[in-house]
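*Asks:* Note that the protein sequences, when read in sequence, are chains Y and D.
So the first sequence is numbered by this note's numbering: it starts at 2 and just counts up by one.
So the second sequence is numbered by this note's numbering: it starts at 2 and just counts up by one.
Note that beta-carbon positions come from the ideal geometry of N, C-alpha and C, so glycine has one too.
Every value quoted in this text rests on a predicted model; they were computed, and no experiment measured them.
I have a structure here, written as structure tokens, and I will follow up with some questions on it.
Protein chains: 2
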Amino acid sequence: MKDFTFYNPTKVEFGKDKENLIGSYMAPYGVKKALLVYGSERIKASGLFDRVAKSLGENGIEFVTLSGIKSNPVISKAREGVRIAKENSVDAVLAVGGGSVLDTAKVIAAGAVYDGDVWDLCSYKKYPDAALKIFDILTLSATGSEMNASAVITNEETTEKFGFSSPAAFPAVSVINPELQETVTNVYLAYSGVDILSHCMDLYFTASYIPEMTANHIENIIRTVIRTTDVLLKNPGDYEARSEFAWAAAQALNRTTFAGVEGNRYDTHLIEHSLSALYDVPHGAGLAVVYPAWMNWHLPMNPTRYEQFARNTFGLQTAEEGIEALTNWFVSIGAPVKLEQVHIDKDKIEEIASHIYRTIEMARMQSLYPKETIVELLNRM
Amino acid sequence: MKDFTFYNPTKVEFGKDKENLIGSYMAPYGVKKALLVYGSERIKASGLFDRVAKSLGENGIEFVTLSGIKSNPVISKAREGVRIAKENSVDAVLAVGGGSVLDTAKVIAAGAVYDGDVWDLCSYKKYPDAALKIFDILTLSATGSEMNASAVITNEETTEKFGFSSPAAFPAVSVINPELQETVTNVYLAYSGVDILSHCMDLYFTASYIPEMTANHIENIIRTVIRTTDVLLKNPGDYEARSEFAWAAAQALNRTTFAGVEGNRYDTHLIEHSLSALYDVPHGAGLAVVYPAWMNWHLPMNPTRYEQFARNTFGLQTAEEGIEALTNWFVSIGAPVKLEQVHIDKDKIEEIASHIYRTIEMARMQSLYPKETIVELLNRM
């Protein structure tokens, strides 16, 4: 194994009804006043908001709110949250929602203890080495943000989708009650499944080195996501599948998949970010479009790994069969695999390629992805 | 998955030469004076002691020492450590050694902030809710203590082998440099392999419920231990195998194997503890003796799981084949599988059974293990 540091101090409270105890999870950290961040008012209709408010009240925790967080979260909302957090001197941020709400909460938590514009912290201008305590009740498992130190957010003015990674951004406690995710639509379940797989596969296919135990760990997560997504699309109430799906999502980006790994990159994520930022394509849908084209292009660079993928995740023999099986699986769960399916015309390719290239430059990957390669990839999508 | 809490704040610094940075890992926790706990003076001959002392000095950390910790560590040594820690007002304990040294260090760290006798904390009289900061440089991977909140120790006067589990006992930072373990003898490597497997198998075979993803995770650790032990017995210098072995050991008891599991017990550990406590049998050797007899006796209670074990770890079909393969593997690596191989006469069985029964009573498992069952198990060993 290559040298590594493993550190993940997030406490995960996993299971039924645990959101009703959120106040008791926060109180030991000395929280007196929190900013409650959420997406739509649906959490009021479902009763979730009231149950959270009750538990906070029972534990002597006051709160103020910020709502209206949408998927592909934006920096303007985080700025609003930072203002509210500072004006109300809150000492914690509580996210109730999916990855977009949680990432916004992380950015707010870091921004609330920073004097300048919070975008500085997301655009590599200033490292966010401190933050308010972060808590969350997860209502959609996909991004893995509930068990890691990262946040991603879009600047609507510049259409840049950046973020940060800092130990200060680990949630102190993440509540994962799979039952809260039963109302996720099949479409979003499919997108989430693709997102989780991509967190595994970006690393798995690009790494120059993966220890066998770590590779097998990643394959276990991939198999779990495929198996449980298939069950859930037919039976959204299957708690067993719902809970394994949720735990797989957390595992996929909690650094266990990085143990002893070298040379991994985030190629498809970097490419997809432009589709989300420019056309507001859901992240998981964008990834499903990028992946088949990218895998077929990338295969010659790591043929042994693709063969192992085919064997250990689908029980197939050749690399090509594995890629085909994954593409077919995307189609079978209703994920788009072509640009036209997310309503992007081929005549936009030059514009998108330029946008992607800016991200590629930031990541210093120009030699791997000269502009003509990006255009070629987009043409295959 | 059943409800669970996952929490593991230990930072693992894994890789070559990392022990030379131990002072820099401790300094951020405000450590000014540490108690350095170790086993034999071999760490002086090897230069490890000097390198640790140098790094501590460079980071302004003073230290006092406690040496002479042996395997199956004893409470008298921990009492000595507590006295030194209190007299010198140390604010951290640094273990340099294997699981016995680390467990002693954990007990000392808890005892140093407790007013009564430290055995109170190990014998369920008083819960150890606080401790000095704990750090370690691991020289033998087996017990998994480097990434968990537990410690086990023997009271020589009462021959009781008890311990505790408390969040206060998580090491703050564990340094795992697989190269430091290259000098472990083949005999101890074999015992360590058995110990790690038993951490996985106790849970795997006894749990009334294991989610498929968690079961596959456990099987991955088991396969890794078997594969890497075989490599290392032939080539102790194989860094790749050495490092996967070490990471597997940490994974086996860092709570990842417990995710969503219900009803697991530690049957073979409870039984083996008496062999260690009464006859000073190395823990891993004792486990190798207990396991074959126990599995054959236990098989009818969980036949499906034994079949899955055979299939997913050895690629075999039937439960019986799996048990036979594991027993043969123990023999092949030089582990004892009979009491006589650890020099225990059959005429001691009544005495041992009584001792085991006391432990079984403490664990409230009398209905599963009436005394005649224990005698029967011992007769099969």
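1) Between D:E20 and chain Y, is the shortest Cβ-Cβ distance under 7 Å, so that the two count as touching?
2) Determine the DSSP secondary structure at D:N156, reduced to helix, strand or coil.
3) Between D:A169 and D:A131, which are expected to be in contact by the criterion C-beta below 8 Å, what is the C-beta distance as a whole number of angstroms?
4) What does the alpha-carbon distance come out to for the pair D:A79 and D:I109?
5) Does the separation of the CB atoms of D:V94 and D:I44 fall below 7 Å?
6) If you run the structure through DSSP and keep just helix, strand and coil, what is D:L369?
7) Quick one, which of D:W248, D:G16, D:E263 has its alpha-carbon nearest D:F5's?
8) Tell me, which residues are paired with D:L122 by DSSP?
9) Measuring only the C-alpha atoms, how far is Y:L276 from Y:V282?
10) DSSP three-state label for Y:F171, please.
11) Confirm, please, whether the CB-CB distance from Y:L36 to Y:V91 is below 7 Å.
12) Determine the direct distance from the alpha carbon of D:F331 to that of D:T269, and round the result to whole angstroms.
13) Closer than 6 Å to a non-hydrogen atom of the ligand NAD - does that hold for the CB of D:T215?
14) Note down the Cα distance separating Y:E147 from D:I85, rounded to an integer number of angstroms.
15) Less than 8 Å between the CB atoms is what I'm expecting for Y:H299 and Y:F206, so what's the real figure, rounded?
16) Run through the stretch 178-244 of chain D for me and flag every whole alpha helix (DSSP H) of 4 or more residues, listed as ranges in chain order.
17) How would you write the range of the alpha helix (DSSP H) that Y:N329 sits in, first residue to last?
18) Counting along the chain, where does the beta strand (DSSP E) carrying D:G164 start and finish?
19) Should D:Q367 be labelled buried (16 or more other beta-carbon atoms within 10 Å of its own) or exposed?
20) For chain B, check one thing: does any of its Cβ atoms lie closer than 7 Å to the Cβ of Y:K12?
21) Mapping DSSP to helix, strand and coil, what is Y:I272?
22) Strictly under 7 Å for the Cβ-Cβ distance: is Y:F163 near chain D by that measure?
23) Given this structure, state the Cα-to-Cα distance separating Y:T160 from Y:M363, to the nearest angstrom.
24) Is it buried or exposed, D:R306, if we count other Cβ atoms within 10 angstroms and call 16 or more buried?
25) Which two residues bound the contiguous alpha helix (DSSP H) that contains Y:P10?
26) Leaving out five residues on either side along the sequence, give the residues of the same chain with a beta carbon under 8 Å from the beta carbon of Y:I227.
27) Look at the alpha carbon of D:F171 and the alpha carbon of Y:I353, and state the distance between them as a whole number of angstroms.
28) Between D:D104 and D:P129, is the Cβ-Cβ spacing less than 7 Å?
29) Do we get a CB-CB distance below 7 Å when we pair Y:D4 with the residues of chain D?
30) Is Y:T140 closer than 7 Å to Y:G99 when the C-beta atoms are compared?
31) Should the stretch 174-181 of chain D be regarded as contacting the stretch 21-35 of chain D, the criterion being three or more beta carbon pairs within less than 8 Å?
32) In chain D, which residues lie with their C-beta within 7 Å of the C-beta of Y:G194?
33) Exposed or buried, what is Y:E351 when buried is set at 16 or more other beta-carbons lying within 10 Å of its beta-carbon?
34) Which of the three DSSP states is assigned to D:S151 in this structure?
35) Between which two residues does the alpha helix (DSSP H) holding D:L288 run?
36) What does DSSP give as the partner residue(s) for Y:Y280 in the beta ladder?
*Replies:* On the basis of the coordinates in this document:
1) Not flagged as an interface residue toward chain Y: D:E20, since no C-beta distance is shorter than 7 Å.
2) It is a strand residue.
3) Indeed they touch by this definition, with Cβ atoms about 5 Å apart.
4) Their Cα atoms are separated by approximately 5 Å.
5) In this structure, D:I44 does not lie closer than 7 Å to D:V94 by Cβ.
6) In this structure, D:L369 counts as coil in the three-state DSSP scheme.
7) Nearest C-alpha to D:F5: D:E263.
8) Under DSSP, no beta-bridge partner is assigned to D:L122.
9) C-alpha separation (whole angstroms): 6 Å.
10) For Y:F171, the secondary structure class from DSSP, reduced to helix, strand or coil, is coil.
11) Cβ distance < 7 Å, so Y:V91 and Y:L36 count as in contact.
12) Using only the alpha carbons, I get a separation of about 15 Å.
13) This structure simply doesn't include the ligand NAD, nor any ligand for that matter.
14) Straight-line Cα distance between these residues: approximately 42 Å.
15) Y:F206 and Y:H299 do touch by the CB rule: their CB atoms are close to 6 Å apart, below 8 Å.
16) DSSP assignment within the stretch 178-244 of chain D yields the following whole alpha helix (DSSP H) runs of 4 residues or more, N-terminal first: 187-207, 213-235.
17) Per DSSP, Y:N329 belongs to the alpha helix (DSSP H) from 320-333.
18) Segment 161-166, the beta strand (DSSP E) holding D:G164.
19) Counting Cβ neighbours within 10 Å, D:Q367 comes out exposed, since fewer than 16 surround it.
20) Included in the structure are the protein chains Y and D, with no chain B among them.
21) Note: Y:I272 maps to helix in three-state DSSP.
22) Contact of Y:F163 with chain D is not assigned, every C-beta pair being separated by 7 Å or more.
23) For Y:T160 and Y:M363, the gap between their C-alpha atoms comes out near 14 Å.
24) Only buried fits D:R306, as 16 or more other CB atoms lie within 10 angstroms of its CB.
25) Per DSSP, Y:P10 lies in no alpha helix (DSSP H); the unbroken beta strand (DSSP E) holding it starts and ends at 5-15.
26) So the list reads G194, L198, T314, W330, once near-sequence residues are dropped.
27) The straight-line gap separating the alpha-carbon atoms of D:F171 and Y:I353 is approximately 49 Å.
28) Their beta carbons are not under 7 Å apart, which means D:D104 does not touch D:P129 by this criterion.
29) Output row for Y:D4: interface = yes.
30) In contact: Y:G99 and Y:T140 (Cβ atoms closer than 7 Å).
31) Counting Cβ pairs under 8 Å, three or more are found: they touch.
32) Residues of chain D with a Cβ closer than 7 Å to the Cβ of Y:G194 do not exist, since the nearest Cβ in that chain sits about 14 Å away.
33) With fewer than 16 other Cβ atoms within 10 Å, it is exposed.
34) In this structure, DSSP gives D:S151 an extended state, which the three-state scheme calls strand.
35) Segment 284-299, the alpha helix (DSSP H) holding D:L288.
36) Partner residues in a beta bridge of Y:Y280, as assigned by DSSP, do not exist.
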